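Since the structure comes first, as structure tokens, the remarks are kept for the end.
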Amino acid sequence: MVSAEMAPFAKVGGLADVAAALSRALAGRKHDVRVVLPLYGDLDRKAENIRPLKKLPPMTIRVGQQVHDIRFHVRGSTSSALKIYLVECPSLFEKPGIYTYADGTGFEDSLQRASLHAQAALMLPRLLDWPVDVIHCHDASAVPAILYRKQWYSGRQLPGPAGTLLTIHNLAHQEVHGLDAVETLGLARSQASYPGLLEFHGQLNLLKAGILGADLVNTVSPNYARETTGSSEYGCGLQEILQSRGKDYSGILNGGDYETWDPTRDKALAATYGPGNMAGKLKCRKALLRDLKLTPETGKPVCGFVGRLVGQKGIDLLLPIMGRLADDGFAFAILGTGESHLEEATRKAAAKHSARIAFVDKFDEALAHRIYAGSDLFLMPSLFEPCGLSQMYSLRYGTPPVVRWTGGLADTVSDAGPESGTGFVFNDSRPESLLVALRRAEVMFGDAVRWKDLQTAGMACDFSWDVAAGEYEELYEEVIRKQMR
Ligand code: ADP
Numbered sequence: 016m017v018s019a020e021m022a023p024f025a026k027v028g029g030l031a032d033v034a035a036a037l038s039r040a041l042a043g044r045k046h047d048v049r050v051v052l053p054l055y056g057d058l059d060r061k062a063e064n065i066r067p068l069k070k071l072p073p074m075t076i077r078v079g080q081q082v083h084d085i086r087f088h089v090r091g092s093t094s095s096a097l098k099i100y101l102v103e104c105p106s107l108f109e110k111p112g113i114y115t116y117a118d119g120t121g122f123e124d125s126l127q128r129a130s131l132h133a134q135a136a137l138m139l140p141r142l143l144d145w146p147v148d149v150i151h152c153h154d155a156s157a158v159p160a161i162l163y164r165k166q167w168y169s170g171r172q173l174p175g176p177a178g179t180l181l182t183i184h185n186l187a188h189q190e191v192h193g194l195d196a197v198e199t200l201g202l203a204r205s206q207a208s209y210p211g212l213l214e215f216h217g218q219l220n221l222l223k224a225g226i227l228g229a230d231l232v233n234t235v236s237p238n239y240a241r242e243t244t245g246s247s248e249y250g251c252g253l254q255e256i257l258q259s260r261g262k263d264y265s266g267i268l269n270g271g272d273y274e275t276w277d278p279t280r281d282k283a284l285a286a287t288y289g290p291g292n293m294a295g296k297l298k299c300r301k302a303l304l305r306d307l308k309l310t311p312e313t314g315k316p317v318c319g320f321v322g323r324l325v326g327q328k329g330i331d332l333l334l335p336i337m338g339r340l341a342d343d344g345f346a347f348a349i350l351g352t353g354e355s356h357l358e359e360a361t362r363k364a365a366a367k368h369s370a371r372i373a374f375v376d377k378f379d380e381a382l383a384h385r386i387y388a389g390s391d392l393f394l395m396p397s398l399f400e401p402c403g404l405s406q407m408y409s410l411r412y413g414t415p416p417v418v419r420w421t422g423g424l425a426d427t428v429s430d431a432g433p434e435s436g437t438g439f440v441f442n443d444s445r446p447e448s449l450l451v452a453l454r455r456a457e458v459m460f461g462d463a464v465r466w467k468d469l470q471t472a473g474m475a476c477d478f479s480w481d482v483a484a485g486e487y488e489e490l491y492e493e494v495i496r497k498q499m500r
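Just so you know, we're using our numbering here: the sequence shown kicks off at 16 and counts up by one.
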């Protein structure tokens with residue numbers, strides 16, 4: 016695995032969770048999995064049990080016109096089926112952060128960092144005499160490994176078939192640079208002019224090159240795979256490039272972490288509960304209302320929202336209708352941070368309806384658990400959602416999600432009909448459509464028997480990593496077959 020992130024020690028978003036959980040699941044299925052990451056300057060080596068890999072000496076790697084000193088390190092056990100290698104390179108990885116400075120500005124040497132990371136990862140199979148079946152690259156920052164595999168290590172220069180898989184977790188981050196940057200990557204100039212892999216609309220685009228260069232490409236849900244080939248809105252300009260891969264581009268739904276997210280033994284909750292014993296959920300609801308000083312009208316639902324307050328998450332659909340619903344007796348428990356204008360608008364709504372709308376502008380893991388458990392409905396009206404994890408957790412906590420029919424939400428939530436379904440699904444990205452879905456939910460909430468069935472159906476959903484790991488195994492086999500042909 017070539018990944019810039021891995022939970023819990025190097026995390027920005029979902030990629031970190033996937034890199035960790037998928038690797039663990041594959042190792043559990045008896046694969047020899049090795050993850051290679053940069054050794055970031057702010058990592059606490061002692062606390063993370065990171066130490067030099069003694070059998071490999073310090074080395075140098077050339078990036079563009081510069082030569083960098085590197086040293087391989089290892090984290091945790093070297094005898095387990097999952098090994099984590101970290102590349103120390105003081106000249107590139109010393110500063111704290113994964114992609115950006117603390118103020119959110121992107122690193123100006125992101126291409127150098129990606130190049131060095133990839134080169135180091137490709138050196139390991141030979142240095143360790145380790146035949147590698149598949150080089151699994153995550154997101155644009157790992158794409159140089161695909162390009163070097165193709166250009167520098169063609170034929171038999173790597174032990175093992177060493178086929179490449181690119182997984183796209185975020186199509187919006189493409190690593191776009193000026194054409195001259197091809198020299199930093201150490202690739203032929205012809206790569207940066209049409210029909211070279213890297214050229215895209217007069218610029219150098221790493222993600223585009225990875226999509227065309229990898230043996231196989233996938234993203235994190237089947238529906239998002241369809242959406243991203245179907246429109247420029249979802250495809251972020253790369254839809255035709257994705258389309259050109261035909262069947263070589265697919266979607267595999269991420270799994271949820273049911274170890275951490277399990278209402279039967281969640282220590283953050285006022286009471287635990289499960290499908291056969293829902294009394295604890297009522298206690299969680301009471302505790303949440305008390306903690307957040309909310310007083311919904313009897314019989315009206317408490318709606319939870321936990322997520323980044325950014326355009327993607329569809330909070331703009333909620334804000335125009337939330338006051339009206341609060342006046343009607345609904346309560347809202349909103350936890351999230353993000354864009355300042357969205358935080359401000361949410362804060363205002365909460366101030367105006369303080370008994371019905373609570374807004375906590377923090378990152379608070381324990382409160383997140385209490386909201387998933389204590390709410391009656393979970394809101395996720397995202398404009399786009401490559402996979403989404405929150406809806407999987409709310410289902411597991413017996414809190415039917417209200418979602419837009421998009422990306423992984425459409426793959427994981429089915430609309431409640433008279434007898435079937437797990438949540439409430441709406442189509443258009445308009446506040447009125449969310450309102451209609453919430454009104455449908457309100458009616459069903461009033462029918463205790465039907466509501467219990469809905470909760471039970473959601474709690475029975477199993478989006479576990481074992482299923483996803485099995486699907487990745489199939490892709491790996493296809494990657495190997497392609498290399499052997
Ligand atoms: P994304 O990766 O796009 O942010 P996901 O649904 O895949 O969305 O995952 C978001 C995860 O982050 C969920 O587990 C959610 O509970 C958690 N989360 C988001 N914001 C907060 C917050 N302010 N406090 C606690 N947890 C949060």
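Here a beta-carbon is modelled for each residue, glycine too, at the ideal position from N, C-alpha and C.
Keep in mind that this is a model prediction, so the values were computed, not measured.
Straight-line Cα distance separating G295 from G329 | 30 Å
Taking the continuous alpha helix (DSSP H) assigned at A240, which residues delimit it?
-> Unbroken alpha helix (DSSP H) run through A240: P237 to G245.
Spell out the partners DSSP gives F441 in its beta bridges.
-> R419
Closer than 7 Å by C-beta to L340: which residues in its own chain qualify, once you throw out the five before and the five after it? Chain order, please.
-> L453
Return yes when at least one heavy atom of the ligand ADP lies under 8 Å from the C-beta of Y114, else no.
-> no
DSSP puts R77 in a beta bridge; with which residues?
-> V82
Counting only the same chain and skipping the five closest in sequence on each side, list residues whose C-beta sits under 6 Å from that of L332.
-> P396, P446 and L449
Per DSSP, N220 forms a beta bridge with which residues?
-> V191
Between which two residues does the beta strand (DSSP E) carrying Y152 extend?
-> It is worth fixing the name first, because residue 152 is Cys in this sequence and not Tyr. From DSSP, the beta strand (DSSP E) with C152 extends over V149 to H153.
Look up G353 in the DSSP assignment and give the residues it is bridged to.
-> G353 is bridged to L324.
So is V197 buried or exposed if we call it buried at 16+ other beta carbons inside 10 Å?
-> Taking a 10 Å sphere around the C-beta of V197, we find 16 or more other C-beta atoms and assign the residue as buried.
Spatial neighbours of A160 within its chain, please: CB distance less than 7 Å, with the 5 preceding and 5 following residues excluded, ordered by chain position.
-> V17, A133, A136, L137, I150 and C152
Flag this pair as yes or no: are the beta carbons of F345 and V317 separated by less than 9 Å?
-> yes
V27 - DSSP class collapsed to helix/strand/coil = coil
Closer than 8 Å: S405 CB and nearest the ligand ADP heavy atom = Within the cutoff, so yes.
To the nearest angstrom, how far is it from the Cα of T93 to the Cα of Q406?
-> 36 Å
Assuming H88 contacts L68 (C-beta within less than 8 Å), just tell me the rounded distance between them.
-> 6 Å
Measure the C-alpha to C-alpha separation of I183 and Q189 and round it to an integer number of angstroms.
-> Taking the straight line from one Cα to the other gives about 10 Å.
In the DSSP assignment, find the unbroken alpha helix (DSSP H) run with S125 in it and report its ends.
-> S125 to L142
Hey, how far is the Cα of R128 from the Cα of W466?
-> 52 Å
Indicate whether the contact test is met: 3 or more Cβ pairs, each with one atom in the segment 227-243 and one in the segment 488-496, closer than 8 Å.
-> yes
Buried or exposed: where does V464 fall if 16 or more other Cβ atoms within 10 Å of its Cβ makes it buried?
-> exposed
Do the segment 169-182 and the segment 138-148 touch if we need at least three Cβ pairs shorter than 8 Å?
-> yes
Starting from G199, follow the beta strand (DSSP E) in both directions and report where the run begins and ends.
-> First, the amino acid is wrong: residue 199 is Thr here, not Gly. No beta strand (DSSP E) holds T199; the alpha helix (DSSP H) holding it covers V197 to L200.
Just the Cα atoms here: how many angstroms apart are C476 and A283?
-> 22 Å
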